[in-house]
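Read left to right, the sequence shown gives residues 392 to 1085 (the numbering used here). Note that CB positions come from ideal geometry on N, CA and C, so glycine has one too. Right, one structure below, let's go through it.
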Amino acid sequence: MFDDFQKIMRRLVGVGGTQALSGIDARLLAATSGDGDTAWLAKATGAFLVSLCGGREAVEATTVLAETEAQGYWPAGFLQRLRTSVLNEQQDLADRHSNVTRKRQEAADWVDRSPNATWDSAAQEVVWGFLFPEGASCVHDPDLAVSSLRDRRTVDVDQLNLKPISDPITEMLFTSNILLTLPSDLSSIDDLPFSGTLCDKIKAVAEQEQKYWFDHPIPLDIEIEANEIIYGLRGLNDAVAFEKAAGHAAPDARMVCALSLSVTHTGLQTIARDYLQEVFTAADDMQHLDVYVFYEVASNRLIDDVLAPAVEQYLGEQSIEQLRRVFGVDGEYGRHYSFLKAVAALWHVLIDQRIRATFKIDLDQVFPQEQLVEQGGGSAFEHFQSPLWGACGRDADGNVVELGMLAGALVNEKDIARGLFTPDVTRPSGIPAGEAVAFFNRLPMALSTEAEMMTRYTSAGGGLDGQNTCLQRIHVTGGTNGILVDALRRHRPFTPTFIGRAEDQAYLLSVLFASSTPLRYVHSAGLIMRHDKEAFAALSIEMAKVGRFVEDLLRTLYFSYYVRALPWPDDQIKELIDPFSGCFVSHIPTTLVALRLTLRVAELLSDGDEQASAEAFDLMNLAADRLDPVIEQFRETPSAMADELAEQRAGWDVFYDVLDALEKAIAEQDPKAIAVQAAARRVVRDCEINPRAI
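Structure, rendered in structure tokens:
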């Protein structure tokens, strides 16, 4: 059994005189000469890959790893521990997953039969059948994969929402997240257009270690025109102006927009408000928006001044500390994502009962209103009023589902001239080698985008008509999705706070089969936002590239163990969420992460480019720092994830239980509940950033 994995590895990296399917000669890499950082990295990376291949070569490679660690190259120790974890995972596979073991044997048998094969579709199907089955299912007939997925996502509608959203500007809370990081050029902090006091504070924060990594956080030295905060709010303001001109909102109405603020370095929280004040001073008047920014200090005030007194008054035994662990905005993506959903329930109970739904956008997205009307079947507000949002129906297996969430789609700014329904992720023209021999999520992501996000409803017979039949969504984006407050309060979904990437996919997992009528997203055909990140946020994206890749590796680890910790069978979950969301849920997560990391580093080193080598060095160092403790934790305490999830779910139960109690007490005019409501309104009022008054 164990030899099967070694056979596959030998074929992937060219050990034993065969051509490397990955295009990477691991033995040559391990034999790199020199004593520089790049040479040590090449030796350690190549030795790691060869050490998984078995035989005399693996013994020699293990010696090289030990020597590189002895020479003071500390990631070599990480790679040795990673090697042990991979081999243990492969050794234990037969006891846990007979189907994956069978796929491993099939791949090994193919290696024996095809010593001269190249990385063609046949190789992809069999190798991916073991390492990346979600991709293997898409290779042979991509068109069939799209149509089959669409069939699996079809819902027969039993009951439309009898009271859909009718006035989005007053019934919906719009939310987004601000992600801040240090200036891209730390040497020019004194040249920033800020006060001397603020610049001094920024220099002090620059001495801190980075704590969190985001996709493309906003550097403090970004120009106003390239600043996502202003760009996104300006786009939202223009979208509301369009709706007013079309008669879809009262001329004097203002959209309520709640923003969370998260930072890469803890000290940035202390200067964030001053920074935002200066940014808004230089920005246009957002005359159609009321903007509230929630810092960690504000979320703590909501606990201390509002929720804690209410818990003590109405819930007694329940612990506010459980809520404190999950409720806030500073931390990984999962923390602020859950906050931006949950705050709508708080808003409805304590601030404005008219709020019946929340909708999240990302600040690098805008509503292309003219194209929505011309090609998408209506403006943004008209899509929000669909009775499908809140409908009930039966899925492809006959199970009743509640469509209490809403999901739209994206089109890239560079593609919108080709049409609104242009996928933002397109099918690859070929499957590269390198890292892709282990994992290539673009293929299932592209097919999932076509099947779910690009589906149109039609009145013609035999298709999805958007009235009797519609589509449920599993693949969603971090922006362009919403949830009805009533569904939010009954189902109580959340993203765990440790999730640092794909927080949008994790949100639904928490309640996937949690009731007899489980919560689902309804596909809003034609509600498509224009994604402009490449048009103005190129610097932020480039700065975050290494961190984003490492967070992607952590995503596989966390999602794989998250699914194991949920109270439903793994295979049942995988069947529903494949191919894209599910491709990050692996039965061999440590193996997959190890191969992705080392093959990617090897690719960068093979470029022979100084910049690529520097990226490889940063990647390995960050990965060693971030992955090592997580892998060790899962190895030492397999139940840790389930215990943590139980604690976090209990925290959210406290939140929704106390809101239920407060709503009842306020209706009864309980003076203590009225006082709590007043305290909540003070906190929210202090979070308001009103550009007109600055």
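Using a 10 Å radius around the Cβ and a threshold of 16 neighbouring Cβ atoms, would you call residue i buried or exposed?
i, result
"Gln550", "exposed"
"Val450", "exposed"
"Asp753", "buried"
"Thr454", "exposed"
"Glu708", "exposed"
"His978", "buried"
"Leu553", "exposed"
"Asp1000", "exposed"
"Ala1084", "The pLDDT assigned to Ala1084 is 39, lower than 50, so where the model puts this residue is not dependable; a value taken from the coordinates is nonetheless given after this. Burial call: exposed."
"Gln397", "buried"
"Trp604", "buried"
"Thr566", "buried"
Beta-carbon separation of residue i and residue j under 7 Å?
i, j, result
"Ala644", "Leu652", "no"
"Asp428", "Phe1008", "yes"
"Val720", "Phe685", "yes"
"Lys924", "Asp1077", "no"
"Gly917", "Gly795", "no"
"Ser901", "Phe885", "yes"
"Thr655", "Gln601", "yes"
"Ala822", "Gln515", "This sequence places Ile at residue 822; Ala is not what is there. The answer is yes: Cβ separation under 7 Å."
"Leu988", "Gly526", "no"
"Gln482", "Val717", "no"
"Ala649", "Val537", "no"
"Leu838", "Cys529", "yes"
"Val548", "Leu1053", "no"
"Gln762", "Leu797", "no"
"Leu1010", "Val954", "no"
"Ser951", "Ile865", "no"
"Ala699", "Ile711", "yes"
Could you tell me the alpha carbon to alpha carbon distance between residue i and residue j, rounded to whole angstroms?
i, j, result
"Met646", "Asp815", "28 Å"
"Glu826", "Ser413", "7 Å"
"Leu855", "His914", "11 Å"
"Gly994", "Cys861", "Sequence inspection shows Glu at residue 994; the Gly mentioned does not correspond to that position. Spanning the two alpha carbons is a distance of roughly 43 Å."
"Gly1042", "Ala452", "48 Å"
"Glu448", "Glu942", "32 Å"
"Ile415", "Phe439", "13 Å"
"Arg495", "Leu801", "37 Å"
"Thr502", "Ala1015", "It is worth fixing the name first, because residue 502 is Val in this sequence and not Thr. Cα-Cα distance, rounded: 31 Å."
"Glu1079", "Glu894", "26 Å"
"Arg911", "Ala673", "41 Å"
"Thr459", "Val406", "21 Å"
"His922", "Gly425", "45 Å"
"Phe1046", "Ile807", "41 Å"
"Arg1073", "Asp534", "55 Å"
"Val1087", "Ala956", "Any property of residue 1087 remains undetermined from this structure, which presents the chain solely from 392 to 1085."
"Pro559", "Leu1013", "44 Å"
"Cys444", "Leu456", "14 Å"
"Pro970", "Asp581", "49 Å"
"Ser505", "Gly446", "20 Å"
"Tyr848", "Gly857", "5 Å"
"Pro638", "His774", "It should be pointed out that residue 638 corresponds to Gly in this sequence rather than to Pro. Distance between the alpha carbons of Gly638 and His774 is about 15 Å."
"Asn790", "Val1075", "41 Å"
"Arg1099", "Met836", "What the structure shows of the chain is the stretch from 392 to 1085, and residue 1099 is not part of that stretch, so it cannot be assessed."
"Arg747", "Thr561", "9 Å"
"Thr509", "Gln410", "8 Å"
"Thr572", "Val764", "37 Å"
When the Cα of residue i is compared with those of the options, which residue comes out closest?
i, options, result
"Glu687", "Val697, Gly722, Glu1001 and Gly999", "Gly722"
"Arg726", "Leu680, Gln660 and Ile890", "Ile890"
"Val867", "Glu600, Ala641, Gln896 and Leu957", "Gln896"
"Val491", "Asp511, Phe521 and Arg1040", "Phe521"
"Gly437", "Gly445, Gly446 and Thr423", "Thr423"
"Asp612", "Gly626, Leu667, Ile560 and Ala641", "Leu667"
"Leu432", "Pro555, Thr1028 and Phe469", "Phe469"
"Ile556", "Gly869, Phe904 and Leu875", "Leu875"
"Ala967", "Asp788, Arg880, Leu731 and Val1049", "First, the residue type needs correcting, since residue 967 is Leu and not Ala in the sequence shown. Nearest option by C-alpha distance: Asp788."
"Glu1138", "Tyr622, Met845, Leu583 and His882", "The question about residue 1138 has no answer, for the chain in this structure spans 392 to 1085."
"Leu626", "Gln963, Pro759, Gln410 and Thr840", "A small correction: the amino acid at residue 626 is Gly; Leu does not occupy that position in the sequence shown. When each option's Cα is compared against that of Gly626, the closest is Pro759."
"Thr981", "Trp465, Tyr949, Asp961 and Ala771", "Tyr949"
"Phe831", "Gly408, Trp465, Ala595 and Phe523", "Phe523"
Note down, one range per segment and in chain order, each beta strand (DSSP E) of at least 3 residues found wholly within the region 847-914. Counting whole runs of 3 or more residues, the region 847-914 contains the beta strand (DSSP E) stretches 860-864 and 872-875.
Which ranges would you report for the alpha helix (DSSP H) in the region 513-543 if only whole runs of at least 4 residues count? Whole alpha helix (DSSP H) segments, 4+ residues: 524-530.
Just to confirm the assignment: which complete alpha helix (DSSP H) runs, minimum length 4, are found wholly within the region 786-840? Qualifying alpha helix (DSSP H) stretches, in chain order: 833-839.
Ordered list of beta strand (DSSP E) runs contained in the region 556-598, each at least 3 residues: Correct list: 563-572.
Just list the alpha helix (DSSP H) runs in the region 645-714, keeping only unbroken ones of 4 residues or longer that don't cross its boundaries, in chain order. Taken in chain order, the unbroken stretches of alpha helix (DSSP H) that lie wholly in the region 645-714 and span 4 residues or more are 660-672, 687-692 and 699-705.
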